[in-house]
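Chains as they are written, first to last, in my numbering: chain A, 1 to 358; chain B, 359 to 716; chain C, 717 to 1130; chain D, 1131 to 1544.
We put the CB at the ideal spot given by N, CA and C, even for glycine.
The model shown is predicted, which means the values in this text are computed figures rather than measured ones.
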Amino acid sequence: MPATQRRVPIESGCPDGMQYMHPVMKRNFGQWKYHEDPKPGVLKHVAHDGDEIWTVRAGTQRILDLFTLRKLCEIGDRYADGYLRFTIRSNIEFMVADGAKVDPLIAELEGNGFIVGGTRNSVTSISHTQGWLHCDIPATDASGVVKSMMDQLIGEFRAWNMPNRVHITTSCCQINCGGQGDIAINIQHTKPPKINHDLVANVCERPSVVARCPVAAIRPAMVNGKPSLEVDERKCVCCGACYPPCPPMQINDPEHSKLAVWIGGNHSNARGRPSFQKLVAAGIPNNPPRWPEATAIVKRILSVYKRDAQDWERINDWVERIGWPRFFELTELPFTKFHIDNWRGQQKSLNASSHLRF
Amino acid sequence: MPATQRRVPIESGCPDGMQYMHPVMKRNFGQWKYHEDPKPGVLKHVAHDGDEIWTVRAGTQRILDLFTLRKLCEIGDRYADGYLRFTIRSNIEFMVADGAKVDPLIAELEGNGFIVGGTRNSVTSISHTQGWLHCDIPATDASGVVKSMMDQLIGEFRAWNMPNRVHITTSCCQINCGGQGDIAINIQHTKPPKINHDLVANVCERPSVVARCPVAAIRPAMVNGKPSLEVDERKCVCCGACYPPCPPMQINDPEHSKLAVWIGGNHSNARGRPSFQKLVAAGIPNNPPRWPEATAIVKRILSVYKRDAQDWERINDWVERIGWPRFFELTELPFTKFHIDNWRGQQKSLNASSHLRF
Amino acid sequence: MNKHQTPMLDQLESGEWPSFISGIKRLRDHHEDRRIRDTNNDLLGQLEHSYETIKGYWKGGTVSVYGYGGGIIPRFSEIGELFPKSREFHTLRVQPPAGNYYTTDCLRQLADSWEKWGSGLVTFHGQTGNIMFIGATTENTQHFFNEINDYGFDLGGAGPCVRTAQSCVGSGRCEQSCTNEHDIHRRLVNNFLDEMHRPALPYKFKFKISGCPNDCMNAIERADFAVIGTWRDEMQVDQEAVREYVAVKGRSYLVDNVISRCPTHALSLNEDDTLSVDNRNCVRCMHCLNVMPKALSPGKDRGISILIGGKRTLKIGDRFGTVIVPFMKVENEEDYERLVELAEEVIDFFAENALEHERIGEMIERIGMVNFLEAMNIEMDPNMIVHPRENSYVRTDNWEQEATKWIERRNSAA
Amino acid sequence: MNKHQTPMLDQLESGEWPSFISGIKRLRDHHEDRRIRDTNNDLLGQLEHSYETIKGYWKGGTVSVYGYGGGIIPRFSEIGELFPKSREFHTLRVQPPAGNYYTTDCLRQLADSWEKWGSGLVTFHGQTGNIMFIGATTENTQHFFNEINDYGFDLGGAGPCVRTAQSCVGSGRCEQSCTNEHDIHRRLVNNFLDEMHRPALPYKFKFKISGCPNDCMNAIERADFAVIGTWRDEMQVDQEAVREYVAVKGRSYLVDNVISRCPTHALSLNEDDTLSVDNRNCVRCMHCLNVMPKALSPGKDRGISILIGGKRTLKIGDRFGTVIVPFMKVENEEDYERLVELAEEVIDFFAENALEHERIGEMIERIGMVNFLEAMNIEMDPNMIVHPRENSYVRTDNWEQEATKWIERRNSAA
Ligand code: SRM
Ligand code: SRM
Ligand code: SRM
Ligand code: SRM
Ligand code: SF4
Ligand code: SF4
Ligand code: SF4
Ligand code: SF4
Ligand code: SF4
Ligand code: SF4
Ligand code: SF4
Ligand code: SF4
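Next comes the structure, spelled out in structure tokens:
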């Protein structure tokens, strides 16, 4: 190994953010009294001593090319104070001490194709995952799905039309690195894995693959003389968990790996406890490059939510109030046997009462 | 078999109640408009056409001797209209058409030692089970526990002091024929069954005993030459389910079969959905003839409920509002690891939020 | 007769609440029939022994009347040599009239028969709803049964069979009743008398009928097959009565006790002291009707909901019934037949698919609600769930067909 | 260079939202470095192929920098012969500064290094919080790392190890912050760098820190070890600001949006337009503070809650973290040490007791929360549960001892 490579790493870990923090924020660290929302995409935080810090938030493609990154830096120097951060949804935030800088900054960002908004009760950027650009197990391309949807939702990103903030996520396989959301667009496989028996022996640790299956549908087996695996198709729930540890378990299928839409994932503790997202639509074509069918369903749900929900109701709060029968009626999404849980703890999701809506 | 015994049964099933129904009730069957509560133990139901039926409810020992039964019939004829019924809690109800008959009827009932009350927001009769008087598996005597408690709660039976109706139940083993209640006093065994190995072979169907155990703690075994059973004491949760099918699995123990108190079982759909009862106190001595320790705990819970709950809150509604930390604080009942569920679905009972009470 | 000393039981005679011990003693001391005196004396003896040793002394066995397999809970004393007169002490479970209505004559008739053949102890009713005639010898059970059966009473259930049912006072006296509890009770149970009298199911099966969601019969908790009355249209509001109520109790009382206790915020009090009900969001919980029975009543389009699978603790922990039929009318003959047919399908499926000693609720948990509904040919409805699945572990390859079913149903409904 | 045709990808350039495709094309078409142009050309080629065939073409492998075992997600193309220039396309996961703060200089410095050694594609940030430098050859990963490591950046986690953590903007800008998210973030993660850089745990372990219960980091959902800022005393109310709010928005708006949305009805609006808070029943959900940030603020006695076991779907379905520490102060050095020690005990126990590929949440579900708490020596607290057990399936023979523990604790507290 050449000398350069024998360099012992400096295990410095997570850098201190203070060194990059805007001086006004540093000075008022932990001393903020309240914030106001002057307009979409803009936050004004006021400290106890009266100091102000203004934030302008903009949406970007999450996968930045160096030109874009440098452009953002340039804007940050010319129109802001050179301090910025990225939100957990990969929106960029410029912080300035002088409110007068806000409008020119916005103009410059929009002028360069960045979308200002995503604050408060808007539909903010969709958090997404690697997809075909980099992951080894994706059935779709999260980045493409997101670009396609945001093109359609851009008006909602820029505005404050929603009853409460809307957090959407996507994931490119059922593992769901994108996490839950008010709305989530995820892969839902519909057929058991096709096994490439010739490869299993060399590529997979069979016992650990067997152990990965949530329903114990996989057994070791000899297939044309070679040690391989076989799947009990009656048990298999097509989750794809066996695929990462054993790529020959081909779960991805251009036709049968569909999209599903989930709603009601709310991780804040505001009002109710955090809630899990629920399946509302599946069997949606995985249709690049623009996945119009998935976008249509998301837009439909959002328009009904916007119309029917009350202020401050997140999607889960809203559906809890109107009830699921009404949700399916208003959104005109079909209710099927697949909506009725059959997994562990299913019992808790059944209606053990005569609370009914007609 | 003698002739008399060869009589073929008339499979008439459940008799028609109409034949025994008060004429005013029959005439207004399904035509009742509303009811009023003139005083404890008295209901006044008014029909759409203005007809009235007055009900007087009284508590009795559930196990009636013929003298008591005849006395009730006699009162029914002399002071009422000869029509009566028993409630699901074995309270007796006399129905009269003429409101003027109510007070004399009450006087006569009380005069003969029957307790008038149990309606509306009172503590009504405790529903109970067979116990040592008749059952083959009881660890205590439900009738005795109930008599002892009702002696102490009689004031609450006669009054309307509670925030809402209070339904108490008792059961003499963990099977719980008494069902759930706002408060339930049940047996809680604390030691695994002692096995009488000599009897198992003759008395028990071993496979079905093994199948009864919820935690698969029982295995067939040969004990000193005979086919018997053995219990894995590390697994056994001392539920007693193995005892009915196999009496040699002696679960009952004069010292180690304790009482436990549960609260919050609410079966009505009023306000929230029906709710399961929750364990609040265990390790309570099974102490005949008057079980003072159990009664003390029940009274303590009731007095705090009475003081702290709002109108119409059943016990479960109340605790849901004030939270469990406060419940244990107010009642001064100890919170232990036993309160934290470790059964299937335990996950749902853990606090998956930062909703906290200090 | 030498009376057993009962120092512990005696302590249960003090106190104001009626004492069952005093009752048993009355039979021992004052009944003219010696058989009854002796039986109750030995019964007290054994019971005192239980109190002193903190132990029960009854064991089971098999006793039944000619032609039936169940309905009796046999009890033989384990210490019969000490208490021979109560050595055989069986309980007959007798079905009460639907709604538990009696006349004094009817009770006297039963009392007379029981006096001839039994211990003189009886309970109205056991927790499942039977009249429990507690304490008869093997031989006398048959005599007693013959006698009461002649004048219209029949045994109930015991063992792995359809059990005696319960229905609330309901239409007979209650303004909340949305259906004829008693007819439903009798139509259901009396259709399964063979399954009741000749135990051959995997395990017990209980019906309970409550006329409204207050569920005074604990049906959702304790019945394998719970019938709950309800309504589908708008609740009836007598605005005048509302105004009166406000006048008497005050606005804030109404707000705190009615408006803000509605689980779905479906109520609002208008400026003019009238009440607005958002009937789409009302979940028929009954609370507001309970507080203001004079002002609020169930709607006019009434029927029932059916929930399956309630049971107590054994083996899997408590389980409430869950909705399989959100609403059905029960008015004309066809309605009743449809109801009975459904019950038959449910019980047949239970008989064929449940494991030994497995309640239908446990069976459904094992095979999954969807499979059960499909076997019953019942259409999926969002009212059957609290919320859709929270996990992706389901095979959805025939999504399209399932979706089409729903769409077609909605179109045909519209 | 002959450019791959990308008819499908081209369709992702239309529309107003910034296009990642246009970005990649910029690098292909306008970057001076040929290596970058070629790499991005082949990357586009493979991606177009994926779009056309609806299939991914990357496979894993093992790549790491000298001295570390993780921090890099290796990607080799399965169709490298068609797209040789992007055949090796590894992602380096680099830990961002706590709170995700940057200066333009800092970003430029990173850009320069990445320009030298990488594809020119970078993401701020991945879902776990890492800066993802996407696309480097095996050889260049080392060079790039050496360079950025020299000026203060370090790799994050990948594989069965402690992962990169996330903390919200928090105290830096947010009025709701109840703790120093960034210090906690760094104290925790930087204490486990060995466990991060040399994957040897049963499975991944994630820390996330949110300054308040709004949980902007999704910590309860997605972290094995979630830290949530909160307060123990009374919330601070600026009644003047409340009055202003009422003046502007109106009483009924306040009632509908604040008072009646409080999950525990802990708020009431007084006649004089001031607000009363029942702090005993306030569960610190944040809602009212969110609606009226100017008027309401967290209390002064601030600290954190700790929840364990959040994770996404795999194997058992989603799981949220649940409370193991309702409240602890994090102010002085001892507090921080106590926190880090607890994290060490948790991770040690996880390392020893979890099965392969089992998250700590799954492990706790398997062994039971009580056993976990006892192993951690944590006292049981009713704040850890939604409600006590609903089943009797527990062996309670040492009830007395356990009860005594509680009583003694309460006495010593009092
Ligand atoms: C910048 C950011 C934290 C960060 O360090 O990255 C952030 C910042 C703030 N959040 Fe957040 N939240 C951020 C992600 C989240 C997330 C996580 C996510 O988006 O995946 C959640 C919970 C996730 C979920 O789906 O539940 C989150 C749940 C909230 C809530 C609770 C909303 C509710 O009612 O349920 C508030 C309270 C509110 O809305 O007033 C909140 C409020 C705020 C406030 C207003 C706090 C404050 O006073 O400064 C901040 C400005 C938000 C705004 O957009 O108006 N923030 N916030 C994140 C911005 C994401 C973005 O670019 O859109
Ligand atoms: C890159 C990233 C998605 C993204 O584009 O942002 C990602 C990508 C992968 N995740 Fe993830 N996960 C990423 C955040 C998450 C999150 C979100 C979070 O951390 O908050 C989750 C859900 C939370 C959780 O931990 O449960 C997540 C849950 C998983 C899981 C399922 C874990 C589970 O127990 O359910 C796997 C599967 C596994 O670990 O075996 C997984 C596995 C993977 C692998 C390594 C797939 C594989 O086994 O080869 C992906 C590599 C993609 C690639 O080529 O770069 N990834 N993954 C995220 C990490 C970037 C970063 O480091 O900042
Ligand atoms: C007579 C009886 C039915 C029967 O056929 O036996 C009955 C009769 C009435 N019940 Fe009931 N309930 C009866 C047992 C029950 C039970 C079952 C039980 O006690 O085990 C329940 C549900 C059990 C539980 O624990 O949840 C029950 C839950 C209710 C409720 C709901 C209360 C609530 O708010 O949760 C109401 C509504 C109310 O209180 O106004 C109610 C209301 C009524 C009304 C007021 C209905 C009416 O308008 O006539 C009746 C007079 C009750 C009273 O005592 O004031 N009844 N009621 C039962 C009397 C039992 C007793 O002797 O005390
Ligand atoms: C008599 C009665 C208690 C009482 O004093 O009221 C009773 C008594 C017995 N029950 Fe029960 N159960 C009685 C109502 C109930 C109820 C309440 C109800 O029906 O609403 C339940 C709870 C609801 C349910 O069905 O789950 C109940 C749940 C059980 C169970 C547990 C069933 C389960 O699946 O969890 C058993 C055990 C078994 O069946 O193996 C049981 C078994 C028994 C046995 C037969 C014990 C045995 O296996 O030998 C008891 C006979 C006692 C005796 O000597 O008479 N009994 N039993 C009730 C029947 C009287 C009647 O017919 O009216
Ligand atoms: S969601 Fe699946 S496919 Fe997408 S990045 Fe995560 S693991 Fe890879
Ligand atoms: S897809 Fe999922 S369920 Fe099917 S075999 Fe693989 S791991 Fe098992
Ligand atoms: S609760 Fe147990 S002991 Fe009591 S009657 Fe029922 S089965 Fe017998
Ligand atoms: S008592 Fe319960 S847990 Fe113990 S062996 Fe018997 S059935 Fe099993
Ligand atoms: S269940 Fe309903 S109808 Fe029946 S008695 Fe109770 S309140 Fe009346
Ligand atoms: S019945 Fe219940 S749900 Fe319906 S309006 Fe009245 S309180 Fe609300
Ligand atoms: S979690 Fe709380 S403290 Fe952190 S940014 Fe969000 S609102 Fe502010
Ligand atoms: S923080 Fe939440 S719980 Fe506390 S008072 Fe405000 S709204 Fe209510």
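For V56(A) against V123(A), the beta-carbon gap comes to about 18 angstroms, at or over 8 angstroms, which does not count as contact. Around E1208(D), the same chain offers Y1187, W1188, K1189 as residues with beta carbons nearer than 8 angstroms, after the five sequence neighbours per side are excluded.
Taking 7 angstroms as the CB threshold, N1411(D) stays off the interface with chain C.
In the DSSP annotation of this structure, the continuous segment of the alpha helix (DSSP H) that includes Q1531(D) starts and ends at 1529-1543. Secondary structure note for Y34(A): its beta strand (DSSP E) is the uninterrupted segment 32-39.
By the beta-carbon neighbour count (other beta carbons within 10 angstroms, threshold 16), L1485(D) is exposed. Your pair Q762(C) and S802(C) checks out as a contact, with CB atoms roughly 6 angstroms apart and the cut at 8 angstroms.
Nearest to V8(A) by alpha-carbon distance, out of S1194(D), E1162(D), L1139(D), L1173(D), is S1194(D). The nearest non-hydrogen atom of ligand 7 is 6 angstroms or more from the C-beta of Q310(A).
Relative to the non-hydrogen atoms of ligand 5, the Cβ of C172(A) comes within a distance shorter than 6 angstroms of at least one.
Only exposed fits G111(A), as fewer than 16 other CB atoms lie within 10 angstroms of its CB. Residues of the region 1152-1166 of chain D with a Cβ closer than 8 angstroms to any Cβ of chain C: none. Listed along chain D are E1305, P1423, K1424, each with a C-beta nearer than 7 angstroms to that of Y34(A). Non-local beta-carbon contacts of V1476(D) in its own chain, meaning distances under 8 angstroms to residues more than five positions away in sequence, involve F1355, I1438, I1490, M1506 in chain order. Taking non-hydrogen atoms of ligand 2 into account, the C-beta of R344(A) is found less than 6 angstroms away from none of them. If you draw a straight line from the Cα of D374(B) to the Cα of C877(C), it comes to about 22 angstroms. Taking 7 angstroms as the threshold, the shortest C-beta distance from A852(C) to chain B does not fall below it. Residue contact check for N934(C) against chain D: no CB pair falls below 7 angstroms. Closer than 6 angstroms to some heavy atom of ligand 9: that describes the Cβ of N930(C). At a cut-off of 6 angstroms, the beta-carbon of H841(C) does not count as near ligand 12: no heavy atom of the ligand is closer than that. In this structure, the beta-carbon distance from H492(B) to T528(B) does not fall below 7 angstroms. Assignment of Q762(C) by DSSP, reduced to helix, strand and coil, places it in the helix class.
Ranking L430(B), I411(B), A438(B) by CA distance to the CA of Q419(B) puts L430(B) first.
Annotated three-state conformation of H697(B) is helix, per DSSP. Listed along chain C, the residues sitting closer than 9 angstroms to Q538(B) by beta-carbon distance are N934, E937, R938, R1028, D1034. Nearest CB-CB separation between V1319(D) and chain A: below the 7 angstroms threshold. By the 16-neighbour rule on beta-carbons within 10 angstroms, V1378(D) is exposed. Ranking V280(A), A352(A), L229(A) by CA distance to the CA of D182(A) puts V280(A) first. Against chain B, a Cβ distance below 7 angstroms from G1300(D) picks out nothing, because the smallest value is about 15 angstroms. For the options M933(C), D931(C), L917(C), G1019(C), the alpha carbon positioned closest to that of D949(C) is the one of G1019(C). Below the 8 angstroms Cβ cutoff, chain C contributes M1096, P1098, I1101, P1104, R1105 as neighbours of H339(A), in chain order.
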